[in-house]
Amino acid sequence: MSQLRIETARLLITEFDESMAECVHINSLDEDTLRFVPDEVFATVQEAHDAITFLITCYGDTASPLVYPVLLQSGENIGYVQAVPLADEWEVGYHIAAKHTGNGYASEAVDGFLPVIMRKLGIERIWGICRADNAASRRVLEKCGFSLASQTVGDYHGEVHELCKYLWTVKQA
Ligand SMILES: CC(C)(COP(=O)(O)OP(=O)(O)OC[C@H]1O[C@@H](n2cnc3c(N)ncnc32)[C@H](O)[C@@H]1OP(=O)(O)O)[C@@H](O)C(=O)NCCC(=O)NCCS
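For the sequence shown, the numbering used here assigns the number 3 to the initial residue and increments by one for each residue that follows.
Following this line, the structure appears as structure tokens:
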């Protein structure tokens, strides 16, 4: 797979390098990350570095999580977007650091990311799954054109929660 690089109006979505460990560590400490995506909290710079080193090895492998940092045009690292294998399908994920939320960055990143990653993966649909009480995440999916496919109670990071499963297909774009 060639190196991914997506430019949107305000953002650059690119690939991780090891110099990003400190900002990945700091961004991951947000309260909402702890609450909604606890497996993506890196308590130390070393933990973030280990995760990045692993994620770099995943680029080019279509059976592994594909995670890409989201940067402002200033170069500041404000979060990530990702496509994660889910049985035979794929799920999109995203995080924007708390101090940058509310500016439309997650929606802009997901909008820019989906067509490119789906073309790379050769897929025509992708899931967006979040806790029903994660209003901001649901809104991001809705703004990006996902449709609510189901709302059920199920396992989420080892706890039972009401979950919303959204679907986006190429035909809808
Ligand atoms: C979810 C998250 C990515 C949103 O990032 P963001 O850059 O603020 O997203 P956007 O600005 O593109 O859109 C957020 C939308 O949610 C809305 N929103 C935010 N908090 C809300 C709340 N508590 N209730 C209702 N709507 C809310 C915003 O108003 C905005 O909608 P609008 O543009 O119609 O006004 C960010 O909060 C985050 O990283 N959270 C922690 C990680 C996470 O939950 N990831 C998703 C796991 S499924």
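For glycine and all other residues, C-beta sits at the position ideal for the given N, C-alpha and C.
How long is the line joining the alpha carbons of residue i and residue j, rounded to whole angstroms?
| i | j | result |
| --- | --- | --- |
| Lys183 | Leu116 | As displayed, the chain neither begins before 3 nor continues past 175, which places residue 183 out of reach and without an answer. |
| Val94 | Ile28 | 22 Å |
| Arg37 | Lys122 | 31 Å |
| Phe56 | Gly106 | 29 Å |
| Arg12 | Leu143 | 19 Å |
| Gln5 | Ile131 | 27 Å |
| Thr171 | Asp19 | 31 Å |
| Ala85 | Val112 | 10 Å |
| Ala175 | Glu91 | With a pLDDT of 49 at Ala175, under the threshold of 50, the modelled position of that residue is not reliable, and no figure is offered here. |
| Ala45 | Pro87 | 25 Å |
| Lys167 | Ala50 | 28 Å |
| Phe98 | Thr59 | Here the sequence assigns Ile to residue 98, which means Phe is not the residue at that position. One C-alpha to the other measures close to 23 Å. |
| Ala151 | Leu165 | 11 Å |
| Thr64 | Lys145 | 27 Å |
| Gly104 | Glu33 | 15 Å |
| Ile8 | Gly160 | 33 Å |
| Met22 | Gln153 | 36 Å |
| Val162 | Arg140 | 18 Å |
| Ile80 | His102 | 7 Å |
Is residue i near ligand 1, judged by its Cβ being under 7 Å from some heavy atom?
| i | result |
| --- | --- |
| His163 | no |
| Ile128 | no |
| Tyr96 | yes |
| Cys166 | no |
| Ala138 | yes |
| Gly81 | yes |
| Cys25 | no |
| Arg141 | yes |
On the DSSP bridge assignment, give the partners of residue i in chain order.
| i | result |
| --- | --- |
| Ile58 | For Ile58, which the question treats as bridged, DSSP gives no partner whatsoever. |
| Val26 | Beta-bridge pairing links Val26 to no other residue. |
| Tyr107 | DSSP output for Tyr107 lists no bridge partner at all. |
| Thr171 | Arg127 |
| Pro87 | Trp92 |
Within the region 114-139, note down every full beta strand (DSSP E) run reaching 3 residues or more, in order along the chain. 127-133
For the region 68-82 and the region 11-26, state whether three or more C-beta atom pairs, one from each stretch, are separated by less than 8 Å. yes
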